[in-house]
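Its first residue numbered 36, the sequence shown is counted upward by one per residue in my numbering. Taking it in order: structure first as structure tokens, then the write-up.
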Amino acid sequence: MNDITIALSKGRIFEDTAPLLKAAGITALDDPESSRKLILSTNRANVRLIIVRASDVPTYVQYGAADLGIAGKDVLQEHGGAGLYQPLDLNIACCRMMVAVPEGFDYDSAVRQGARLRIATKYVQTAREHFADKGVHVDLIKLYGSMELAPLVGLADAIVDLVSSGNTLRANHLKAVEEIMPISARLVINQAALKLKRDTIQPVLDAFSAAIKK
Ligand code: ATP
Ligand code: MG
Numbered sequence: 036m037n038d039i040t041i042a043l044s045k046g047r048i049f050e051d052t053a054p055l056l057k058a059a060g061i062t063a064l065d066d067p068e069s070s071r072k073l074i075l076s077t078n079r080a081n082v083r084l085i086i087v088r089a090s091d092v093p094t095y096v097q098y099g100a101a102d103l104g105i106a107g108k109d110v111l112q113e114h115g116g117a118g119l120y121q122p123l124d125l126n127i128a129c130c131r132m133m134v135a136v137p138e139g140f141d142y143d144s145a146v147r148q149g150a151r152l153r154i155a156t157k158y159v160q161t162a163r164e165h166f167a168d169k170g171v172h173v174d175l176i177k178l179y180g181s182m183e184l185a186p187l188v189g190l191a192d193a194i195v196d197l198v199s200s201g202n203t204l205r206a207n208h209l210k211a212v213e214e215i216m217p218i219s220a221r222l223v224i225n226q227a228a229l230k231l232k233r234d235t236i237q238p239v240l241d242a243f244s245a246a247i248k249k
């Protein structure tokens with residue numbers, strides 16, 4: 036029987052994934068939120084979970100250290116998707132990637148006037164493509180978190196970040212002005228593993244597919 040490894044991140048991805056795993060007959064033997072283990076056994080002897088940073092999931096799967104993984108479209112877009120088969124939109128961890136600016140900033144008029152904008156973001160590649168497509172000149176500043184702070188202290192004119200309720204933006208006197216793309220988490224599979232371990236992977240794929248909430 037083929038052994039398979041599934042890469043997941045803690046937090047909202049794991050929360051939303053647990054029901055899908057259950058539908059595929061897979062249950063972790065330890066709770067990843069409380070356990071310090073990074074490799075978790077499951078009720079199935081041939082399936083294990085590894086717990087990695089959300090943005091590292093595509094890398095583990097690309098190199099075959101994990102056969103399957105679940106990662107946000109934000110993360111996959113930034114990674115580029117090399118070596119990954121992306122068969123399923125799981126319709127979980129849904130939000131939107133948006134451009135946001137301080138409440139008093141007239142973004143449309145700045146764009147019309149051809150102003151050069153300083154953009155702070157964790158998503159440098161995706162932001163670069165978005166503004167290049169719009170023909171807007173930007174200087175991109177890479178951050179690793181708390182993007183909302185950047186315009187408040189003069190680091191940037193605007194940010195590119197994930198927005199769900201908009202509460203964090205509002206609390207920091209920012210407003211979303213443009214959607215870059217809708218975001219949800221996807222199943223990713225190592226292309227070689229899919230060929231070599233299809234007998235084990237296909238049933239997991241089918242169970243996930245049947246359990247997705249439309
Ligand atoms: P870390 O917290 O380790 O730096 P992270 O911030 O990428 O990593 P999470 O905040 O758990 O980790 O986000 C994981 C994924 O969940 C993101 O890549 C994205 O796809 C999705 N996500 C992030 N923010 C939201 C949100 N507000 N609503 C819904 N889904 C979100
Ligand atoms: Mg986070």
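Note that CB positions come from ideal geometry on N, CA and C, so glycine has one too.
Practice prompt. Identify every residue that forms a DSSP beta bridge with Asp-174.
Written response: Arg-153
Worksheet item: Closest by CA to Ile-48, which one among Ser-90, Gly-201, Pro-122, Asn-207?
Response: Cα-wise, what sits closest to Ile-48 is Ser-90.
Item to complete: Between the Cα of Gly-189 and those of Val-110, Leu-229, Ile-105, Phe-140, spot the shortest distance and give me the residue it belongs to.
Response: Phe-140
Discussion item. Less than 6 Å separating the Cβ of Leu-103 from some heavy atom of the ligand ATP?
Written reply: no
Practice prompt. Look up Lys-169 in the DSSP assignment and say whether it is helix, strand or coil.
Written response: helix
Discussion item. Let's test the definition: count the other Cβ atoms within 10 Å of the Cβ of Gln-97 and tell me whether it reaches 16, buried, or not, exposed.
Written reply: buried
Fill in: Supposed contact pair Ile-61 and Val-82 - C-beta distance, whole angstroms, cut 8 Å
5 Å
Item to complete: Using 6 Å as the cut-off, classify the Cβ of Ser-181 as near or not near the heavy atoms of the ligand ATP, replying yes or no.
Response: no
Worksheet item: Could you give the distance in angstroms between the alpha-carbon of Arg-163 and the alpha-carbon of Leu-184?
Response: Rounded to the nearest angstrom, the two C-alpha atoms are 20 Å apart.
Discussion item. For Leu-123, which residues in the same chain have their Cβ closer than 8 Å to its Cβ, ignoring the five residues on either side in sequence?
Written reply: Arg-221, Leu-222, Leu-240, Phe-243, Ser-244, Ile-247
Fill in: Three-state secondary structure assigned by DSSP to Pro-93
helix
Discussion item. Would you call the segment 193-208 in contact with the segment 64-77, where contact means no fewer than 3 C-beta pairs closer than 8 Å?
Written reply: no
Worksheet entry | Delimiting residues of the beta strand (DSSP E) encompassing Val-134 | 130-137
Worksheet item: Cβ of Ala-185 within 6 Å of any heavy atom in the ligand ATP?
Response: no
Worksheet entry | Span separating the alpha-carbon of Met-36 from that of Gly-46 | C-alpha separation (whole angstroms): 31 Å.
Discussion item. DSSP has Val-223 in a bridge; who is on the other side?
Written reply: Gly-104
Worksheet item: DSSP three-state call for Ser-76: helix, strand or coil?
Response: strand
Worksheet item: Just to confirm, does Arg-163 get its C-beta within under 6 Å of one of the non-hydrogen atoms of the ligand ATP?
Response: No, the beta carbon of Arg-163 sits no closer than 6 Å to any heavy atom of the ligand ATP.
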